[in-house]
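Under the working numbering, think of the first position of the sequence shown as 248, with each following residue one higher.
C-beta: ideal position from N, C-alpha, C; glycine also.
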Amino acid sequence: MAKLRERLATAVEGRYEILDELGRGGMSMVFEARDVKHDRTVAVKVLLPELAASVGAQRFLREIEIAAGLVHPHILPLYDSGDAEGLLYHVTPCVEGETLRDRLKRERYLSIEETVRITVEVADALDFAHARDVIHRDIKPENVMLSRRHALITDFGIARAITLGGGERLTETGMAVGTPAYMSPEQARGEAVLDGRSDIYSLACLTYEMLAGEAPLAGRSPQITMARRQSESPTSLTLLRETVPEPLNAAVLKALARLPADRFPTASQYGEAVQLASGTGSGVYAGVSVPGVTPAAGTSQTTTVGAPAADPTGRLTFWEELKRRKVYNVAVVYLAFIAAAAGLISDTLDNFGLQSLETPLLLAILAGFPVSVVLA
Numbered sequence: 248m249a250k251l252r253e254r255l256a257t258a259v260e261g262r263y264e265i266l267d268e269l270g271r272g273g274m275s276m277v278f279e280a281r282d283v284k285h286d287r288t289v290a291v292k293v294l295l296p297e298l299a300a301s302v303g304a305q306r307f308l309r310e311i312e313i314a315a316g317l318v319h320p321h322i323l324p325l326y327d328s329g330d331a332e333g334l335l336y337h338v339t340p341c342v343e344g345e346t347l348r349d350r351l352k353r354e355r356y357l358s359i360e361e362t363v364r365i366t367v368e369v370a371d372a373l374d375f376a377h378a379r380d381v382i383h384r385d386i387k388p389e390n391v392m393l394s395r396r397h398a399l400i401t402d403f404g405i406a407r408a409i410t411l412g413g414g415e416r417l418t419e420t421g422m423a424v425g426t427p428a429y430m431s432p433e434q435a436r437g438e439a440v441l442d443g444r445s446d447i448y449s450l451a452c453l454t455y456e457m458l459a460g461e462a463p464l465a466g467r468s469p470q471i472t473m474a475r476r477q478s479e480s481p482t483s484l485t486l487l488r489e490t491v492p493e494p495l496n497a498a499v500l501k502a503l504a505r506l507p508a509d510r511f512p513t514a515s516q517y518g519e520a521v522q523l524a525s526g527t528g529s530g531v532y533a534g535v536s537v538p539g540v541t542p543a544a545g546t547s548q549t550t551t552v553g554a555p556a557a558d559p560t561g562r563l564t565f566w567e568e569l570k571r572r573k574v575y576n577v578a579v580v581y582l583a584f585i586a587a588a589a590g591l592i593s594d595t596l597d598n599f600g601l602q603s604l605e606t607p608l609l610l611a612i613l614a615g616f617p618v619s620v621v622l623a
């Protein structure tokens, strides 16, 4: 990779001064650089040489040009692109912040309010692009920048250029076009013609992960994940996190439908449904259904909006964590025995004149959960 940096520095010398490496992936590397002409800091992303050879300069630059026309508050703008000595690159602002992936690695879960905000902002940007017949094809946490409470989609045009430039050959060499954990079922099947509903599915995967701490239907390998997408439905969010409102759960699961026809027709409709269903607004609506969402059987049509969430910090409670780990029923029985043991220990301590320990602390010690989780 050091050689690639040296090649790039030589190729763009006089136009950009390559500084520090910002990141790398399976298809590209990103460098901080100084725009010599305009004296500003920028980010230069360069495709790996083997990928660039497959995509082709003409196709890459054409797709980047299309993406450059997407001027929207939640799409990272494109400054420049080029083909220099066989290296294909494009230039964007070097924004302060982090990717959604960085955030999830650090915190794993986000609050419902922030999840909804990010979802709505990304949905708005996707709707703008879809109206101009531009499909992203690779919506994932790595391609969503969070800068000053502001979500920005990156890499528009890249996945399409790769697909059009020999996606089948890349797949044969083990380089997947797209990211399995966030691919729609039709994209995982390798369908060449995709529409905006594929991006909506990918965005719903992000919403799900921000709330549950894991992508829906994630398997132990990319192949297992893609196979599960063809035949299984995701676990209900309300089983993984009790504070997720049922209408919000229904909206996300609708966007994750296996068939595109069963999803929201547009990204804006998904964003509106998530915002309305989340309870992050104000007031009460009764008998009003979320657009495009059929409430689950047995649920009430009257929903209070704006009621304070049980976990305003976004953390999962002890019992939600058990449900997320899919050991809730077993844990209840196990903890019942532990509780009985805790009572015996407490009585023994009293007999010796010692102060009894709090039951939650005993449960935490005996069950192996952190005290902070039990007392949360």
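In summary, Ala378 is exposed, with fewer than 16 beta-carbon neighbours lying within 10 Å of its beta-carbon over all protein chains present. DSSP places Arg350 within a helical segment (H, G or I) once states are collapsed to three. Every alpha helix (DSSP H) stretch that sits fully inside the segment 397–479 and reaches 4 residues is listed by chain position as 405–411, 414–419, 432–435, 443–459, 469–478. Within 10 angstroms of the beta-carbon of Pro320 lie fewer than 16 other beta-carbons, which makes it exposed. A direct Cα-to-Cα measurement between Arg287 and Arg281 gives close to 6 Å. In the structure shown, Lys292 falls within a strand segment according to DSSP collapsed to helix, strand and coil. When only Cα atoms are considered, Ser515 and Val367 end up about 8 Å apart. Contact between the segment 354–372 and the segment 293–303 is absent, with fewer than three C-beta pairs closer than 8 Å. Counted as a single uninterrupted DSSP element, the stretch harbouring Val283 is not any alpha helix (DSSP H), since DSSP gives it neither H nor E. DSSP lists Glu268, Val291 as the bridge partner or partners of Phe278. Secondary-structure assignment with DSSP links Ala331 through a beta bridge to Leu334.
The shortest C-alpha to C-alpha distance from Phe307 to any of Glu253, Thr410, Glu268 is the one to Thr410. Ile313 sits in a helix when the DSSP states are folded into three classes.
With 16 or more other CB atoms across the displayed protein chains lying within 10 angstroms of its CB, Gln434 is buried. Its chain contains Thr454, Met457, Leu458 as the residues whose beta carbon lies nearer than 7 Å to that of Thr362, once the 5 sequence neighbours on both sides are disregarded; these appear in chain order.
Looking only at Pro463, Cys452, Arg407, the smallest Cα-Cα distance to Ala439 is reached by Arg407. In the DSSP secondary-structure assignment, Thr366 is not bridged to any residue. Secondary structure note for Val391: its beta strand (DSSP E) is the uninterrupted segment 391–393. For Pro494, the enclosing alpha helix (DSSP H) begins and ends at 493–502. If you draw a 10 Å sphere on the C-beta of Arg510, you find 16 or more other C-beta atoms in it, and that means buried. In this structure, Pro507 and Arg444 form a Cβ contact; the two beta carbons are roughly 4 Å apart against a cut-off of 8 Å.
Cβ atoms of Gly404 and Ile313 come within 8 Å of each other, at about 6 Å. Taking all protein chains in view, the Cβ of Glu345 is surrounded by fewer than 16 other Cβ atoms within 10 Å, so the residue is classified as exposed. Judged by DSSP in its simplified three-state form, Tyr326 adopts coil rather than helix or strand. In this structure, the beta-carbon distance from Val342 to Leu266 does not fall below 9 Å.
Ranked by how close their Cα comes to the Cα of Asp349, the residues Ala370, Lys387, Ile382 have Lys387 in first place. Leaving aside the five residues that flank Arg384 on each side, the residues in its chain whose CB is nearer than 8 Å to its CB run, in chain order, Ala406, Arg407, Thr410, Val424, Gly425, Gln434, Leu441, Ser445, Asp446. In the structure shown, Pro320 adopts coil according to DSSP, grouped into three states. Nearest in C-alpha terms to Leu317, of all of Val381, Leu503, Leu523, is Val381.
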